[in-house]
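>
Residue numbers (the working numbering): 3 to 82.
#1: What three-state label does DSSP hand residue 41 in the structure shown?
#2: For residue 10, which option in 73, 28, 16 has the closest C-alpha, if you only look at C-alpha atoms?
#3: May I ask which residues mark the beginning and end of the alpha helix (DSSP H) holding residue 17?
#4: Leaving out five residues before and five after residue 25 in sequence, what residues of the same chain have Cβ atoms less than 7 Å from its Cβ?
#5: Per DSSP, what kind of secondary structure is residue 62 in: helix, strand or coil?
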């Protein structure tokens with residue numbers, strides 16, 4: 003996993019930790035991001051979850067949406 007992707011995932015995870023305490027959907031996404039951070043390969047199965055989160059929380063959590071889009075772009079750049 004590239005350093006850029008790791009950094010993007012870490013930033014996203016940190017934001018989810020701040021926001022997700024009362025929202026089960028955000029908590030689940032935080033768990034998925036945490037799991038992806040511990041993956042050793044490039045297979046990061048987050049794209050659908052990130053896309054859904056970006057659409058769902060776009061107006062309430064714009065920073066989260068920006069971070070999710072950043073991770074999706076990083077994944078796209080490596081062919082995932």
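Backbone N, C-alpha and C fix where the C-beta goes; we use that ideal spot for every residue, glycine too.
A quick look at the data gives this:
#1: Within the chain shown, numbered from 1, the residue matching residue 41 stands at position 39. Three-state DSSP puts residue 41 in coil, outside helix and strand.
#2: Here residue 10 refers to the residue found at position 8 of the chain shown. When only C-alpha atoms are compared, the closest one is 73.
#3: Within the chain shown, residue 17 is the residue found at index 15, counting from 1. Start and end: 5 to 21.
#4: One-based indexing of the chain shown puts residue 25 at position 23. Around residue 25: no qualifying Cβ.
#5: Taking the first residue of the chain shown as position 1, residue 62 is located at position 60. Reduced to three states, the DSSP call for residue 62 is coil.
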